Structure formats: structure tokens, C-alpha cells
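Beneath this line is the structure, given in C-alpha cells, with notes to follow.
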DNA sequence: AATGCTCCAGCTGAGC
DNA sequence: GCTCAGCTGGAGCATT
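Here it is as C-alpha cells:
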């Protein structure tokens, strides 16, 4: 850190000194940053040694640091992923997330519903005796329910029941049907785009965090 | 592409030519790769213009390309994230995912349960009239249920009901209690825990593709 | 690959099928891309096993793929890095690159030069007997030469001579002198900025919020 | 920082609180880190506004932070890049760096040299009158010099002379010759590999799986 | 349209 | 030997 300035009498290398100062400031800051990064690593290691999942913690931290806008967008993408997954038949054992249900519920939530069970009461007690036929029946029931105007949250099976995912799958499959255009619940947002799929540029201008 | 080889008679720069060949092979391959990357971009743009969410599609593609091991780990992290979120009171409107429920159910699923409602029937019809007191009551009910040995899937509220998240939150909060150590359901895996001898290490030993 | 389309008679899930098609196209392309990436890795491994330095090859490939503009900018940054290095006294044994010399020569290349050696002929033969005093003398000579209007390419020492770097260092140090503004050869480009260094905020770089 | 602990009398959610503490510690540290990153950005912006090249400054900072080992490796890669560039005829106007010269000098520095000029004295005065024939002659002279055992630092042309690069190019081209194995100066290091780089599979690099 | 920023995957060096 | 954290390079995105 010894200043070399004035080392040569009768001469001042102003530009070189200025450069040196900038570089040293940056180095100092970088050093601080590296120190903090090390601290973060240490905390994570400690949490891990206590039995926590560091990856999950990182996810939580990231979520909590999100702005409201970012959060909404993330949720939307997650929901749509669920919907797409259902439509592709990838919901093996992992039913629709609840927020995807809510999302699917919004657009055209006008129909009526009365009963819920597709033939038997939705009790989850006979878990062990479910056959693949039961699963298929649940899927078909879901499609039927969708066609009848039922909402996705009317899934009669409780969380943990394998038929729950199947019903969801049938419902979503049916929802993306009919040869018409992409259903609005499959799109990213109900942004005033009635029928123009060309996407002029993007309706999401002010993204900036903070 | 004109070969300079033999340009200087009576002299062969073997090493230089070899180097050149390597470089040209790499350049050719890089060029192909860039072309394909462009194609991928085009397909994504087309999908976007059709109304699909590209981010969600990317997520699906990534999931489908996962090996079984990777998939299990991802699921586990997602579940634990849900659990942590619940424990921190971040479940505002987004109840536990179903697979997190399943996970929480496993370890000590021996207790009995009979009724489910904490005081009123769990019908979801009075959605609009729910007060913050109802929410708080649901949370307290969840904590009580946990203390009584109920399982998390015994949440009496259906998907879409705001009290569902509150009940989950109370349950998870209670589950991480008691001054004892980190609950096993909060940890990353039942590695070498006496009770579960299965899961040899992973069913997908040959992980590398090809 | 079995199409599920029409699996359910009287029903066509158009949106789901369209989604599936997009996803499969992307997967196919991603697969091709991964294959090519593997080929590239293989070629590099082969080159390495033949004795070539893969990092250097990658650099060459990258350079060859540059557009003219990118290339010019890269050169400029490299030259300026050399100049800054010299000004900071980091040129231990690695004299200025030739293109940095050319760059430094351009702006005000009007002065005259006659002799070259600062006191002894620049022969490089007595390499082993050079003392640190010789080095310091060379550095001082460089500064003197700069002050006299000599150009940096008038460095009298040949490549490989340790005094060459010292002379450069003295010259560059002197060039960034005199309390005046940053020398033009230190700036990124003579882009129409005749004399306005602006930056009215502070002339003392060390005063930041530290 | 307000602890929620004991908010529910008769109950302490130890695990949840511990998790919360870890997360808050991480968040605090991340916040500090972000602040410093912002400071760094500010300093760079200030330097830029003063006329310095930020890219070059970053390079300098990075170099100064390198360990000796990293520095040596970087230098080696840079030198080899120069050598490869020369061998491929990419040295248009940018002669070999001095450290590449030094490197090339080391391995077999036994030959003798007497004169230096390939036919005319190496004075750089007639810069403007140099023709492409002069350049070609310089390149040929370089190759000849290499064949005669001259070292690369014996390049008779001074920095700034276009023939300097041509001479280098000829020398390096010749150095990588003779149908024998890769020259040692082209390899990454004289690591105990006398002459067998293995790779018995092929001496012809272009035959790979293409 | 060009540039800078940010995020992410892919690769490399340690470590059990 | 395999895994895993760190890192560098590249791609996408937002901005001017």
C-alpha cells in the first residue's frame, strides 16, 4: 500500500496514480466481497451440518428477496408448468399444485356443481386396494367433470390419494381441447390479447427489481 | 479453406498442419452447434407466439431429460422448500404441495385420526365470508391436529380454500417443535437411518448419458 | 413416441398435442446439440493427448470467429492493459506488447530521435551480468526518452533483454504524467472527445464512499 | 429481527426458529454483498467517466489477484497462443509477444548466431517503402534463421516494423516442422514426458469420428 | 441496434 | 472413484 507517488522528485505521474487509486479501491471492495462470500459459505455449511437442506434454504432466501412482480411471474410459470405437465400426462403421483388450481379456476368460473364423487365417496382410506382401473376411472371422471363445467378445485379426491393426480390430468387434458386456440388458462397472462398471438413485443415493461 | 500445406516445397510443417486440422474440426462443430441453438430459439419463439409460456416449456423439457436420481433429488428439495416455507409462515395462499404432504406423511405415520373439522364442517362454499379470524383458527387447528398425531394430509380444507394453507402452516410449525433436534422430515434424506434399509443408493447407477 | 392423439374417440386435445410437438422438437434439437458438444470435447481431448494446449486452441478458435469490430476492440483492451500494467510497474520481465507500442506511437508521432542507447550499446549479450542497477538505469532512460519526445518503439533493447521492460515501464510512467488529464493513449478511443473529460463530480478519485 | 419465539405460549418451535436464524443471517450477508457489488460498479463507472478503460482495469485487478501458479499458467497459455497464431499465419501485424520469445528460447538454446540481418541491415527507417515482397522476404528469412539454429529473439527487426511479425511467422512455422512430433515449445510444460505423449491411436488428427 | 447486466449451464479443481 | 462446490463462458433480457 506504500504510495509510490513522489518517489521521483520533480515529477508527478498523475494519471498513473489516479489509475492506481481506482484499482486499489476496487481491490479493497473485491476483498470485502470475497470475505462476505466466505461467511455465507460458512453459514450454509453450519446449517447443513445441523440437518437442513441448503438448496432449499437458498430457494427460500431467493423467494424472500423477490419483488412482488417477480414473485407473481414465478408463480405463474410454476402454475403453467403444472398445467402443461398435466396435459402431457406427466402427473404421475404429483397432482396439480394448489396455486395452479386457483389459477385454472379464475377465467371462466361460472358453472355450477352439485355432487363431487364420480361414483363412490372420495374417502382415502382404501388406499392400498386401488387398481390401475381406479386410476383410469378417476382420470376419465376428471375429463367428464371438465366437460360438464366443473372447476378443477372440485377434484373430489383428497391430497395423498393417487386418484387425485389422475383426475387432474383428465381435467387438464380436457381443458386444452376442442381444436380451438390455446386455452386462456394455458397462456401467460390475460393481458388484453384477445386473438392476436403475434406478441407485438411484451407488455411487461418495468421489470426492474427493488 | 485452401490448404497451405506443401506451399513451401521441400518442407512440411507437420505440427502446424495438425494444429490447423484440430482447429478446423472444432470450428466446424461449433458452427453446427450454433446453428442448432438458433433452431431452438426459433422453435421457442414460435411456441411463444402461439401463446405458450416458454419458461414453463423449458422447465418441462429439463424435467423430462432428468435421470431418476436427479428427479428424486429435485422433488426432495422442492418438498423441503415447501416445509420450510410453511414453518416460516410464508404460505400465504399457497398451501403445501401434495408431494410435500406425502413426504411428511411417511416417517411416523402411525397415529389414528377420526374426525377432521376443527369446529365447523370444511365446506368451501362460504369463501367470501372468511375472516382473518377464520384463518387464524384454521392455523391453530392445524397445530392442534399435529399435536394430536394427525397427519398433514388430514387437512380438512379443500384445495382453493385459504384456510387450507393456514392449517398447513400451523401443522408444520408444530411439527418443528419441542426443543428437540431437527425433525427427520426436515432433513434431506433417510440416509442410513436404522428404520429404512431400502433405497440401496440409487436405481440409476449408470447416470451418464450414452 | 407413440402418439396419444385420438386415443379418446370423439375428442381431440389440440392444445396439448401442439404443446407436445413443440416440446419434442426442442428435445430433439437439444439432443443433437449435446451430441455435438460431446464431439467437441472429444476433439479437444484428442488434441490435448497429442500435446497441444487446449486453452490456447480455444483462444485461437475464438479469435478466428471474431468479427472485425470485436477484434479491434479486443486488441485495444489488450494494448491498454499493457499500458496500464507498465504505468503501475507490473512489467516484470514482460515488456510491452508490440501492438501496444504501435498504439502508443500513433497520436503524437512527431518527435525526432537520433541515438538510441542510454549509455551503452544495446547488445543483449551480457545478459547474465545485468544488475538491478542496470535495470533501474534502463527505466530512468525510458522516462528520459519519453520526456525528450522519443517514441516507445525507440526502445533500444531487444526482445528478451530484461532492460527492455524497464525502459518501457519508465516511458509509460512518464507518458502518464504532468498533472494534466489522462493521456489520450490511455483512453479507449479517440471518439470525438476533444478535450472534455467532464466528470465534474470529483477530480480526486480516492474520495469515494469508503 | 423481532423474534416470534414464544409468541405461542407453552410452545416453542425450536427447529423453525433455528431455520429462521440461518436464513436471516444469510439474507443479511447477501445484502452486504450486494451493497459492495454496487460500490464496485460505482467505482468502475467513475473510472470510466475519467477516461479509463474498465475492461483493462478489470484485467489488471484480476492479474494482481492471481496466485503465482495461476499467473504462470496464464502466461504459458498466452505464449502458446502466440506460437500457435504464428504457426497458422495469423500474425498479421502483431508480432510474437516478448514472453513468447523467451519461452521459445529456453528449451534448446545452444545454437550459435553471428550476423543478424537477412540481407540488409535491420534499420526501420524506410517504413513507408516496404512492399509485400519485403514482408515475404522477412518471413523466408525467419524460416531460414530457424533452420540455421538461430533463436527467435534474434529477430533483427525492431518493434513496430511490419517485417518483425513476418520473420516471427516464418521462424515459428519452421519450428513446428519436420514430420516429427509436436515441438516441445508447443507443449504446455516440460512435464516428465520425454517423447511419448501416448495417444497411439492415430498420428493423423483428421481421422476422428466425423 | 448496440450495449451492458444477469442468469444459467457446463467445465474444472478439490475433497471424502 | 465419485461427488461437489466454484467458476468461467455464453445466452437471454432489459435498456438507451
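Chains as they are written, first to last, in the working numbering: chain R, 1 to 210; chain P, 1001 to 1210; chain S, 2001 to 2210; chain Y, 3001 to 3210.
Backbone N, C-alpha and C define an ideal beta-carbon position, used for all residues, glycine too.
These numbers come from a predicted model, not from an experiment.
Give me the chain S residues within the contact set of residue 1047 of chain P, using Cβ-Cβ distance strictly less than 7 angstroms, ordered along the chain. Within chain S, the residues near residue 1047 of chain P are 2022.
For residue 38 of chain R, tell me which candidate among Y:3045, Y:3030 and Y:3042 has the shortest Cα-Cα distance. Nearest of Y:3045, Y:3030 and Y:3042 to residue 38 of chain R, Cα basis: Y:3030.
Residue 1019 of chain P, DSSP secondary structure in three states: Secondary structure of residue 1019 of chain P (DSSP, three-state): helix.
Kindly indicate which three-state DSSP category residue 2035 of chain S falls into: helix, strand or coil? Helix.
Helix, strand or coil for residue 2062 of chain S, going by three-state DSSP, please let me know. Here residue 2062 of chain S sits in helix by DSSP.
Chain-ordered chain R contacts of residue 3037 of chain Y [CB-CB under 8 angstroms]: Residues of chain R whose Cβ lies closer than 8 angstroms to the Cβ of residue 3037 of chain Y are, in chain order, 33.
Inspect the CB distances between the region 158-171 of chain R and the region 127-139 of chain R and report whether three or more fall short of 8 angstroms. Between the region 158-171 of chain R and the region 127-139 of chain R there are three or more C-beta pairs closer than 8 angstroms, enough to call the two in contact.
Chain-ordered chain S contacts of residue 99 of chain R [CB-CB under 7 angstroms]: By Cβ distance, chain S contributes nothing, its closest Cβ being about 20 angstroms from residue 99 of chain R, past 7 angstroms.
Span of the alpha helix (DSSP H), counted from its first residue to its last, around residue 3144 of chain Y: It spans 3132-3147 - the alpha helix (DSSP H) in which residue 3144 of chain Y sits, taken as one unbroken run.
9 angstroms Cβ cut-off: residues of chain S touching residue 1018 of chain P: Under the 9 angstroms cutoff, chain S gives 2047, 2050 and 2052.
Let me confirm a value: residue 2158 of chain S is counted as buried when at least 16 other C-beta atoms fall within 10 Å, else exposed. Which label applies? Counting Cβ neighbours within 10 Å, residue 2158 of chain S comes out buried, since at least 16 surround it.
Considering just the uninterrupted stretch of the alpha helix (DSSP H) at residue 1171 of chain P, what are its terminal residues? Here the alpha helix (DSSP H) through residue 1171 of chain P covers 1162-1175.
Under the three-state reduction of DSSP, which class applies to residue 2014 of chain S: helix, strand or coil? The three-state secondary structure of residue 2014 of chain S, taken from DSSP, is helix.
Beta carbons nearer than 9 angstroms to chain P: which residues of the region 2053-2079 of chain S have them? Those residues of the region 2053-2079 of chain S placed with their C-beta closer than 9 angstroms to a C-beta in chain P are 2057, 2058, 2060, 2061, 2064 and 2065, ordered along the chain.
Helix, strand or coil for residue 72 of chain R? Go by DSSP, reduced to three states. Helix.
How about residue 2214 of chain S: is its C-beta nearer than 7 angstroms to some C-beta of chain P? Here chain S comprises residues numbered 2001 to 2210, so residue 2214 of chain S is not present and cannot be evaluated.
Quick one: give me the first and last residue of the alpha helix (DSSP H) that residue 3104 of chain Y is part of. From DSSP, the alpha helix (DSSP H) with residue 3104 of chain Y extends over 3098-3105.
Given that a residue counts as buried once 16 or more other Cβ atoms are within 10 Å of its Cβ, and exposed if not, what is residue 3045 of chain Y? Exposed.
Take the Cβ of residue 1020 of chain P as the centre, count every other Cβ of all protein chains shown within 10 Å, and call the residue buried at 16 or more, exposed below. So residue 1020 of chain P counts as buried.
Given this structure, state the Cα-to-Cα distance separating residue 181 of chain R from residue 2018 of chain S, to the nearest angstrom. Looking at the two C-alpha atoms, the distance is approximately 10 angstroms.
Exposure label - residue 2097 of chain S; buried when at least 16 CB within 10 Å: Per the 10 Å Cβ criterion, buried.
Beta carbon of residue 3149 of chain Y, beta carbon of residue 3167 of chain Y: below 7 angstroms? The criterion of a C-beta distance shorter than 7 angstroms is not satisfied by residue 3149 of chain Y and residue 3167 of chain Y.
Residues of the region 160-179 of chain R whose Cβ lies closer than 9 angstroms to any Cβ of chain P, in chain order: Answer in chain order: 160, 161, 164 and 165.
Cβ shell of residue 2091 of chain S (< 7 angstroms), same chain only, five flanking positions each side left out: Closer than 7 angstroms at the Cβ level, and outside the excluded window around residue 2091 of chain S, lie 2085, 2165, 2168 and 2169.
Counting only beta-carbon separations shorter than 7 angstroms, does residue 3095 of chain Y have a partner in chain S? Yes - at least one Cβ of chain S is within 7 angstroms of the one on residue 3095 of chain Y.
Is the CB of residue 3040 of chain Y under 7 angstroms away from at least one CB in chain R? Residue-level contact check: residue 3040 of chain Y touches chain R, since one or more beta carbons of chain R fall below 7 angstroms from its beta carbon.
By the criterion of Cβ-Cβ separation under 7 angstroms, what are the contact partners of residue 2081 of chain S in chain Y? Going along chain Y in sequence order, the residues near residue 2081 of chain S (Cβ under 7 angstroms) are 3056, 3059 and 3060.
Would you say residue 3013 of chain Y lies against chain P (beta-carbon separation less than 7 angstroms)? In terms of beta-carbon proximity, residue 3013 of chain Y lines the interface with chain P, with at least one pair separated by less than 7 angstroms.
Measure the CB-CB distance between residue 83 of chain R and residue 146 of chain R and report whether it falls below 7 angstroms. Between residue 83 of chain R and residue 146 of chain R, the CB-CB gap reaches or exceeds 7 angstroms.
Classify residue 1114 of chain P as buried or exposed, calling it buried when 16 or more other Cβ atoms lie within 10 Å of its own Cβ. Residue placement at residue 1114 of chain P is poorly supported in this model, since its pLDDT is 46, which falls under 50; the coordinates are not used for a value here.
Please report whether the beta-carbon of residue 2087 of chain S lies at a distance below 7 angstroms from any beta-carbon of chain R. In terms of beta-carbon proximity, residue 2087 of chain S lines the interface with chain R, with at least one pair separated by less than 7 angstroms.
Under a three-way DSSP split, which group does residue 157 of chain R fall into? Here residue 157 of chain R sits in coil by DSSP.
As a quick exercise: from Y:3187, Y:3129 and Y:3095, pick the residue whose alpha carbon is nearest that of residue 3155 of chain Y. Distances from the CA of residue 3155 of chain Y to each of Y:3187, Y:3129 and Y:3095 were compared; the closest alpha carbon is that of Y:3095.
Beta-carbon neighbours of residue 2043 of chain S, restricted to chain P and to distances below 9 angstroms: Those are 1022, 1025, 1026 and 1029, listed as they occur along chain P.
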